[in-house]
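Protein chains in written order, with this note's numbering: chain A, -10 to 252; chain B, 289 to 375.
Down below is the structure, laid out as structure tokens.
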Amino acid sequence: MSEVIVVTSGKGGVGKTTTSANVGTGLAAMGKKVILIDTDIGLRNLDVVMGLENRIVYNLVDVIEGKCRVKQALIKDKRHPSLYLMPSAQTKDKSSVKPQQMVKMIEQLKEQFDYIILDCPAGIEQGFQNAIAGADRALVVTTPEVSAIRDADRIIGLLEAHEFKKIDLIINRLRYDMVKRGEMMTAADVVDILSIPLIGIVPDDENVVIATNQGEPLVGNSTMAGRAYQNICERVLGRDIPFIDFEKTISFWTRVTGIFHKN
Amino acid sequence: MDFGRIFRKKSSRDIAKDRLKILLISDRVNCSPEMMEMIKTDIAKVISKYMKIDAQSMEIQITKTGIKGRGKTPSLYASIPIIDLNK
């Protein structure tokens, strides 16, 4: 049975697209048939993060409008044969797609794929409604900041109203050095506030920027973020994976300065 | 090194946590009026099965009480005037 997962956050810039790319790639690397759908019409980005921007011919809106068949709009990934991307349209606006049409298209895709991952746009308007319409599971991405958590809470409320079967939390860009100094909320604090199950913690890692520069998802490699995303993928599949203790990997220097920052 | 930090009692982590807790309660209370109305009619329907109530003057509200300390969820209070206990 295929699963339709929407990656959402409310606030922009917290890492929805990076999460979608890495979770999708990670699941494909584990042998699952995966399709990533960029639902951010007008501001497409998933293609760039995946490094597939030069291969786009047709897009999501073309499929919805019947200008091409679903198959024609699918871009095969460079790295994994079981991974596909359906890019969004850059020149249209969010009102060109309706939730009902999304549901219909997703139903078609369910026949071919194990996992359908929808990269949701920021906000709670039409684009969000389109992205969640056909999904039955959600990954809510947030950073340990007041504004992002507030928006995540709003999103969780909306998802609950839509009767999602499963809503899991990903805490992105956690800085262990700051947590240690008491200058950032801990993962436990965020879980306590949002009260939904935690499926992953991704540390703030410059390798994410480097990977995006290169258009290569970093899931599965030895970087901190790469390992964190790998674990998220395993947990998406239902495996019980312990959370990595990244505190041990914090550099010696942060530890030294950390002592002075304590009060 | 930041000397100001030594004299400050509350860490910014705690400030963030406290602000969020207060903020989210008021955010959550602001559920749409339509939804509140739906909850109200549903509650009235269920209670009416067992006793006669005055559905017209019944009131429901989500309050912020009990948030201090651990209890993180706001509570729903319903005031339902009973006309007859035995239906």
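Ideal Cβ positions, reconstructed from N, Cα and C, are used throughout, including at glycine.
Mind pulling the chain B residues with CB within less than 7 Å of residue i?
| i | result |
| --- | --- |
| residue 143 of chain A | 315 |
Look up residue i in the DSSP assignment and give the residues it is bridged to.
| i | result |
| --- | --- |
| residue 365 of chain B | B:349 |
| residue -8 of chain A | A:104 |
| residue 161 of chain A | A:191 |
| residue 340 of chain B | B:372 |
| residue 23 of chain A | A:72 and A:104 |
| residue 128 of chain A | A:-4 and A:157 |
| residue 64 of chain A | A:74 |
Mind checking if residue i is an interface residue toward chain A, Cβ cutoff 7 Å exclusive?
| i | result |
| --- | --- |
| residue 299 of chain B | yes |
| residue 348 of chain B | no |
| residue 304 of chain B | yes |
Beta-carbon of residue i versus every beta-carbon of chain B: anything under 7 Å?
| i | result |
| --- | --- |
| residue 24 of chain A | no |
| residue 172 of chain A | yes |
| residue 166 of chain A | no |
| residue 208 of chain A | no |
| residue 108 of chain A | no |
| residue 182 of chain A | yes |
| residue 251 of chain A | Only weak support exists for where residue 251 of chain A lies, its pLDDT of 46 falling under 50; the value from the coordinates is given anyway. Not one chain B Cβ lies under 7 Å of residue 251 of chain A. |
| residue 178 of chain A | yes |
| residue 132 of chain A | no |
| residue 52 of chain A | no |
| residue 135 of chain A | yes |
Ends of the beta strand (DSSP E) at residue i?
| i | result |
| --- | --- |
| residue 104 of chain A | 104 to 108 |
First and last residue of the alpha helix (DSSP H) that includes residue i?
| i | result |
| --- | --- |
| residue 10 of chain A | 5 to 18 |
| residue 53 of chain A | 49 to 53 |
| residue 183 of chain A | 176 to 183 |
| residue 145 of chain A | 135 to 150 |
| residue 95 of chain A | 88 to 99 |
Who are the neighbours of residue i on chain B, taking C-beta pairs under 9 Å?
| i | result |
| --- | --- |
| residue 139 of chain A | 308, 311, 312 and 315 |
| residue 193 of chain A | Chain B residues near residue 193 of chain A: none, gap ~15 Å exceeds 9 Å. |
| residue 112 of chain A | By Cβ distance, chain B contributes nothing, its closest Cβ being about 16 Å from residue 112 of chain A, past 9 Å. |
Under 8 Å Cβ-Cβ, which residues of chain B neighbour residue i?
| i | result |
| --- | --- |
| residue -1 of chain A | Neighbours of residue -1 of chain A on chain B: none; closest Cβ ~11 Å, over 8 Å. |
| residue 204 of chain A | Within 8 Å Cβ-Cβ: nothing; residue 204 of chain A doesn't reach chain B, min ~34 Å. |
Closer than 6 Å: is that where the CB of residue i sits relative to any heavy atom of the ligand GDP?
| i | result |
| --- | --- |
| residue 48 of chain A | As far as ligands go, the structure on display features none, and thus does not contain the ligand GDP. |
Original post:
Given 8 Å as the limit, is there contact between the stretch 15 to 28 of chain A and the stretch 205 to 223 of chain A, that is, 3 or more CB pairs closer than that?
Top reply: yes
**OP:** Mind the definition here: the stretch 218 to 225 of chain A touches the stretch 296 to 303 of chain B only if three or more C-beta pairs lie below 8 Å; say whether that holds.
**Re:** no
**OP:** Inspect the CB distances between the stretch 150 to 162 of chain A and the stretch 130 to 140 of chain A and report whether three or more fall short of 8 Å.
**Re:** yes
**OP:** Report yes or no: do the stretch 108 to 123 of chain A and the stretch -10 to 5 of chain A share at least 3 C-beta pairs separated by less than 8 Å?
**Re:** yes
Original post:
Any chance the stretch 21 to 28 of chain A sits against the stretch 92 to 104 of chain A, with 3 or more Cβ pairs inside 8 Å?
Top reply: yes
**OP:** Tell me, please, whether the stretch 299 to 317 of chain B touches the stretch 136 to 149 of chain A by the rule of three or more beta-carbon pairs shorter than 8 Å.
**Re:** yes
Original post:
Should the stretch 66 to 85 of chain A be called in touch with the stretch 39 to 56 of chain A, which here means at least 3 C-beta pairs below 8 Å?
Top reply: yes
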